[in-house]
Amino acid sequence: MAALEDEFTLSSGVLSAGPDGLLGVEQSNKTDQFLVTDRGRTVVLYKVSDQKPLGSWSVKQGQLITCSAVCNFQTGEYVVVHDNKVLRIWNNEDVNLDKVFKATLSAEVHKIHSVRGTEPVLLFKEGAVRGLEALLAEPQQEIEAVLSDGEVIRWTKLFMVFRHPVLIFITEKHGNYFVYVHMVNSHTLSKYTLLRGQEEKSVIQSFTASVDRKFISVMSLSSDGCVYETLIPVYPTDPEENQRVVSSLLLRAVVSGSAPSGVALTVLDRDHVAVLGSPLSASKECLSVWNIKFQTLQTSKELPQGTSGQLWYYGENLLMLHGQSLTVIPYKCEVSSLAGALGKLKHSHDPGIQVMPPFVNWEASQGDGLGSQHAEQPRRILRRRKIEVSSQPAVPPSKQLLTTIMKDSEKHIEMELRKFLAVKTPDFHAIVGDLVTGLLGRCQVEPSFCPRNCLVQLIQTHVLSYSLCPGLMEMAVKKTDVQLLQLCLQRFPDIPESVTCACLKIFLSIGDDSLHQAEIDMESVFDYGDSVQGDNVAAPVDVLQNGFSPEGDTCLSCCQEVPAKPQDAAAATPTCPVTPQRAALLNAILHSGYSEAFLLPHLKDIPAQHITCSENATMTLPGIHPPTLNQILDWICLLLDANFTVVVMIPEAKRLLISLYKFVKSQISVYSELNKIEVSFRELQKLNQEKNNRGLYSIEVLELF
Amino acid sequence: MRARAHVGPGRREARAWSGERGAAGMGEFKVHRVRFFNYVPSGIRCVAYNNQSNRLAVSRTDGTVEIYNLSANYFQEKFFPGHESRATEALCWTEGQRLFSAGLNGEIVEYDLQALNVKYAMDAFGGPIWSMTASPSGSQLLVGCEDGSVKLFQITPDKIQFERNFDRQKSRILSLSWHPSGTHIAAGSIDYISVFDVKSGSAIHKMIVDRQYMGVSKRKCIVWGVAFLSDGTVISVDSAGKVQFWDSATGTLVKSHPIANADVLSIAVADQEDSFVVGTAEGTVFHFQLVSVTSNSSEKQWVRTKPFQHHTHDVRTVAHSPTALISGGTDTHLVIRPLMEKVEVKNYDAALRKITFPHRCLISCSKKRQLLLFQFAHHLELWRLGSTVATGKNGDILPLSKNADHLLHLKTKGPENIICSCISSCGSWIAYSTASRFFLYRLNYEHDNISLKRVSKMPAFLRSALQILFSEDSKKLFVASNQGSLHVIQLLEGSFKHLHAFQPQSGTVEAMCLLAVSPDGNWLAASGTSAGVHVYNVKQLKLHCTVPAYNFPVTALAIAPNTNNLVIAHSDQQVFEYSIPDKQYTEWSRAVQKQGFHHLWLQRDTPITHIGFHSKRPMHILLHDAYMFCIIDKSLPLPNDKTLLYNPLPPTSESDVVRRRTAHAFKISKIYKPLLFMELLDEGTLVAVERPLDDIIAQLPPPIKKKKFGT
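Chains as they are written, first to last, in full-length UniProt numbering: chain A, 1 to 705; chain B, 1 to 711.
#1: With 8 angstroms set as the bound, which would you pick, yes or no: does the beta-carbon of glutamate 497 of chain A sit closer than that to a beta-carbon of chain B?
#2: Under the three-state reduction of DSSP, which class applies to glutamate 700 of chain A: helix, strand or coil?
#3: Would you mind reading off the limits of the beta strand (DSSP E) that contains glycine 225 of chain B?
#4: Please report the straight-line C-alpha distance between threonine 145 of chain B and leucine 622 of chain B, rounded to a whole angstrom.
#5: Taking C-beta pairs closer than 7 angstroms, name the residues in chain B that serine 698 of chain A reaches, listed in chain order.
#6: Pull up the distance between the alpha-carbon of leucine 229 of chain B and that of serine 239 of chain B, whole angstroms please.
#7: Can you grab the Cα-Cα spacing for the pair alanine 591 of chain B / lysine 497 of chain B, in whole Å?
#8: Less than 8 angstroms between the CB atoms is what I'm expecting for glycine 126 of chain B and aspartate 167 of chain B, so what's the real figure, rounded?
#9: What residues are listed by DSSP as bridge partners for glycine 188 of chain B?
#10: Is it buried or exposed for lysine 346 of chain A, if we count other Cβ within 10 angstroms and need 16 for buried?
#11: Considering just the uninterrupted stretch of the alpha helix (DSSP H) at glycine 471 of chain A, what are its terminal residues?
#12: Could you round the C-beta distance between isoleucine 559 of chain B and serine 518 of chain B to whole angstroms and report it? I think they count as a contact, below 8 angstroms.
#13: Using a Cβ-Cβ cut-off of 7 angstroms (strictly less than) and excluding sequence neighbours within five positions of serine 366 of chain B, which residues of its own chain qualify?
#14: Answer with buried or exposed for serine 137 of chain B, where buried requires no fewer than 16 other C-beta atoms within 10 angstroms of its C-beta.
#15: Express the C-alpha separation of proline 580 of chain A and proline 622 of chain A in angstroms, rounding to a whole number.
#16: Residues in the same chain with beta-carbon distance under 7 angstroms from serine 85 of chain B, minus the five sequence neighbours each way, listed in chain order, please.
#17: Between valine 701 of chain A and chain B, is the shortest Cβ-Cβ distance under 8 angstroms, so that the two count as touching?
#18: For isoleucine 631 of chain B, return the contacting residues in chain A, with the cut-off set at a CB-CB distance below 7 angstroms.
#19: Does the segment 98 to 110 of chain A touch the segment 82 to 89 of chain A, meaning 3 or more C-beta pairs lie closer than 8 angstroms?
#20: Against chain B, which members of the segment 675 to 693 of chain A pass a CB distance test of less than 7 angstroms?
#21: What first and last residue would you give for the alpha helix (DSSP H) that runs through leucine 492 of chain B?
#22: In angstroms, rounded to a whole number, what distance separates the CA positions of aspartate 641 of chain B and leucine 686 of chain B?
#23: Who are the neighbours of isoleucine 671 of chain B on chain A, taking C-beta pairs under 9 angstroms?
#24: Count the other CB atoms, across all protein chains shown, that sit within 10 Å of the CB of alanine 351 of chain B; report buried if there are 16 or more and exposed otherwise.
#25: Check whether the Cβ atoms of phenylalanine 75 of chain B and glutamate 66 of chain B lie closer than 8 angstroms to each other.
#26: Applying the criterion that 16 or more other CB atoms from any shown protein chain within 10 Å of the CB defines a buried residue, is alanine 134 of chain A buried or exposed?
#27: Which chain A residues sit within Cβ distance under 8 angstroms of aspartate 694 of chain B?
#28: Should lysine 393 of chain B be flagged as near chain A, meaning a C-beta pair shorter than 8 angstroms?
#29: Tell whether a beta-carbon distance below 8 angstroms holds between phenylalanine 666 of chain B and leucine 645 of chain B.
#30: Could you please give the first and the last residue of the uninterrupted beta strand (DSSP E) stretch that includes serine 278 of chain A?
#31: Of all the beta strand (DSSP E) runs that stay within the bounds of the segment 120 to 165 of chain B, which reach a length of 3 or more residues?
#32: Could you check what DSSP says for phenylalanine 492 of chain A in three-state terms: helix, strand or coil?
#33: Should lysine 457 of chain B go down as buried or exposed, given a rule of 16 or more other Cβ atoms within 10 Å for buried?
#34: According to DSSP, what are the bridge partners of histidine 534 of chain B?
#35: Got a sec, what are the start and stop residues for the beta strand (DSSP E) lysine 47 of chain A sits in?
#36: Of the residues B/Leu339, B/Ile418 and B/Gly521, which one's Cα is nearest the Cα of valine 410 of chain B?
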């Protein structure tokens, strides 16, 4: 869970921060030391843990530092440029910047970049890039102009991609933005035009970027308060050509665009960005951390004294100018729960935190979900377009269907679905899963949308399982859609025990009236009048129970045959205590697979009056697909195990217990009688054998052919 | 091939010949179906597997020791007759493939695997010996005695020598196991397991075994078996039904598997120590394997993987060959259960083998008088077959005009088991031999009375015989002695005369186990366990020829009348016909070899134990194993793999053409089984001796009762 810790300020006084804030904060070669450069003449080295400066250097009166000081990680020296062209290099021991190494360059420097693992890189205002060593070898070398007239560098950053430094800078000319990616080692430069969609009119106020293996993700905060993301390939397909990249909306309305002192954006990690600026509803400025994956506000911190609209993030520290002092806010992101990520954890609603208007863009969030290709579709298309791939790939029917699901009416979807199911596609399994997810997703967004027939159709394809669409049964439970639940119980091989139990609860608690209305598959409950039918059903359905099929176990089934008959006969005579509809539903549960260990705790939650009901019911359930005696007995045992204290206490259960006791007693007596006469059986068998035996000696006729 | 050119006419002749007898078949036989051979094999006490020679030694409760060659189709190639006082409790192989046994008479016995007799017996002076094990190097023997002593013997090239005693324990040592490095041993006793240091001979740990099992306290807990693994783990099996793992370094119990409600009697570990097998008194054999806890993790644990229930009674002993689990017990079956994951070629070797009957003939028959001589461990029985005047069609049981008679019950004197026996063709001579004495009897038949007279004063060299055979005219007796020599004895009325002794080739002492004499009495064939078959000329009393050696041992021999063709059956189910006069394989035999036997013929799992002929059926050879008999009609074409080898149904509506096309040389019947003996008494009469398994089971002690109807 991303969180901002308590802030602390670094002692000011040395710094002279103007209204425009600082020139820059850069990392030093020691982890918690930073070089802070103000807009005047001073560079200060701070140690964050001590909250105080370690050293301070100034240029002469009349000189002006023009770009922030950096540390050369390879030598441990510091580098700064003053008066645009004068380069100074010094180290910790030096006291006076006047006396340190000096080189005057032939062109104006925009910024010095230094990251670990490479020498500092200088970016000139005209867009040229030089390594420090190459420059020092010949300070007066000619610096070419890369940018056109009027093109101004707005933002710049150096990355290490596979140990190669890559400098990216964004320029603006007449409201158009261009992205340059400069590979420092190979001196290849690629230029992209940043195409902006509906946010065309707004002005980009802040940039930040992160890099993964192939793409640099540039995020921009526009004046409309939204964050846009642009993906730029690290290795351009064709460096010569001017290519275009498209930005897409990432976060909507994060800050109000009209902040007095500007806004800032910085990437914290893969999923989080920090935004500095005033939120829409509040006037005071505030630092907020957003989860871009779930598009939720994680945390925020008010900065009442105002900021300079600048934000730096190094290590685990966010640095900014709060009022007149440099403030450090440590940021921590620990492994978090989904609920936390969705902003639904209760404790995140602190009174001090401005609650943002909640919006959940499910369409986008599914991009990381169960391979739902549909959700990613718009972004993918955008990305393709940016590389100027003009050919539009043919959309497969499944995708068309998915888009249909998202937009069209139930009737239309049903029709399309029927068409789709008629033709089996190769990746049928996954697609059906996607379709259900799509349908369920829409259900969640539009409560009125209820594509029941479609779901029934999809379930009956037999390819669905619980794990392919976990939301389906939850929805059915929520809506107490018993028919759908029965269908799921019959079709899904992998229903978790908790869900089975939830179904059981619903089946037991649902009113008879609503049961009569529901169309329940009554196949498992046979017509009472037609007893002949029940008799010729010898083979029980093939149900895997605890990993074994009761049929396969010949020993069990043959032992079972004897007592099974009186049970059937007895079952026919008393009337079933539940309606046939309910019986059918309960049978579906009895047929479903389960593991005792997992089922037991859930069974404990079942209310007491339901237990007796269900037990009575399980005792007397005849049907076309009757559960085997083993299944019934197992369930009774489990129910009793889970609730024995309750069952003993309630008076209604007394009769049931007595009948169970009698049943078990009769079984035991049958078995003990069998044991007693086992010897006689054996003798009979022996006699039988002897009859076949032709005695010890005989003369027989044999013809060999 | 001489006959090759005349195949056509020859075949036509044959058809005409059989045509006389009815359809194109073999004709009808009257079969004396005998089930009164009341033979009960002894229970198996120990098995010992020798990895180098791939042989299995099996000892039975009557003291018999059998050697099975697992490479030769599990053929029982050797046996040592039992002895009443020599109850074997332990059996082990040592270096140089020497075989030792020890038993309750307190003696350690070494067997001579060449001469097939006991080399020597040596008293260990510790009372009854309960356990014995050879050191990992095979150069030392360790025995555990009744008096609680563990004695170490050094194995010298020709004997064993007592070296020293280990610390004496309170009670008998029932099981022993060496650590593979040879530095420590584990000894199972009553209620505890001791770990000894071999160097000092002192017990370094005493691990007490829990007597309780499932809450029931037994009086004592007997450690029936121990196994010492190279990592220091000791596995024990005990009478409380547990398999337990102990850490020998600390003397602590590591893990306990309760596996049975009855005793766990035996344990055997694979050489790789990745699997072991235990046998219980309930007849179940459990396989334990060392398997990874999770896939691709190096941590492994012992898991009980497979239960096998091939036995009805106590599994007294188990062995673990690299590819199979071997078990034996009171129910007398030797069960070899191949491990499918270890069997590389999925051929017939991968099938379960259950060996119940000896691979030698216990029955001889007098054709002329229609007598059967049954050989038991300590007595002989002579029966006369009944007769009938009725005739019938296939499958009929004919009414008996005279039932079979039990004529004679001949008990041996002394504690030794009978090795072999024979009745002459005329029925007037009976001979048998034990390990130290040879007996010859003269029988006189006067109407219904039989008088028996022992021929006394047998010469000293006729002390013990491995095989006895009378010539067809009952004038000569051939005896294969265990020194490798063959004696020819002329029988006179009431006396005998030693004619000649064929001595074995110089340097070999291999005993001859199988004999065959030609009906004309001119030729004698003898075969040992490994070398080829020797043919001797009886008239000239010299070696005639030696049949080229074959890889697999001979299981049966016979010489055909008239042609003097020697028919040899081998344990790999090959049958050869060798012409003695021509000193070469016959054309028919070559033709058979060229085409190959039918695959179903080669897949039979019991060896042919007897071959018979009748002089009036020169083209026919009768062979049988335990589950079928076959009359080979050499005049008919050989079956190939596409033809139906065995067709139990009589041809009914098939046309003559079809019948002729499908008829082949092998006429097989599986009606009589298990079949211990079969012979052609005359042209149209067969005798078949069956021993139904149910009759054997009925004579075994009752197994541990398990409830069939659980309560």
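From the three backbone atoms N, C-alpha and C, an ideal C-beta is built for every residue, glycine too. Note that the structure is a prediction, hence the values are computed from the model and not measured.
For this structure:
#1: no
#2: strand
#3: 223 to 228
#4: Inspection of the sequence shows that residue 145 of chain B is occupied by cysteine rather than by threonine. Taking the straight line joining both Cα atoms gives about 51 angstroms.
#5: Arg33 and Ile397
#6: 21 angstroms
#7: 43 angstroms
#8: Incorrect: roughly 13 angstroms between the Cβ atoms, too far for contact.
#9: B/Ser175 and B/Ile193
#10: Residue placement at lysine 346 of chain A is poorly supported in this model, since its pLDDT is 43, which falls under 50; the coordinates still yield a value, given next. So lysine 346 of chain A ends up on the exposed side.
#11: 470 to 479
#12: 4 angstroms
#13: Ile423, Ser424, Ser425, Cys426 and Gly427
#14: exposed
#15: Because proline 622 of chain A sits at a pLDDT of 43, beneath the cut-off of 50, its placement in the model cannot be relied upon, and the point is left open.
#16: Asn105 and Pro415
#17: yes
#18: Leu704
#19: yes
#20: Asn675, Glu678 and Gln689
#21: Taken as a continuous stretch (DSSP letters only), leucine 492 of chain B belongs to no alpha helix (DSSP H), being part of the beta strand (DSSP E) at 486 to 492.
#22: 29 angstroms
#23: Glu700 and Leu702
#24: exposed
#25: no
#26: exposed
#27: Gln689
#28: yes
#29: yes
#30: Run containing serine 278 of chain A: none; DSSP gives neither H nor E here.
#31: 129 to 134, 140 to 145, 150 to 155 and 160 to 165
#32: coil
#33: exposed
#34: B/Ala526 and B/Thr546
#35: 42 to 47
#36: Valine is not the amino acid found at residue 410 of chain B; the sequence shown has leucine there. The option with the nearest alpha carbon to leucine 410 of chain B is B/Ile418.
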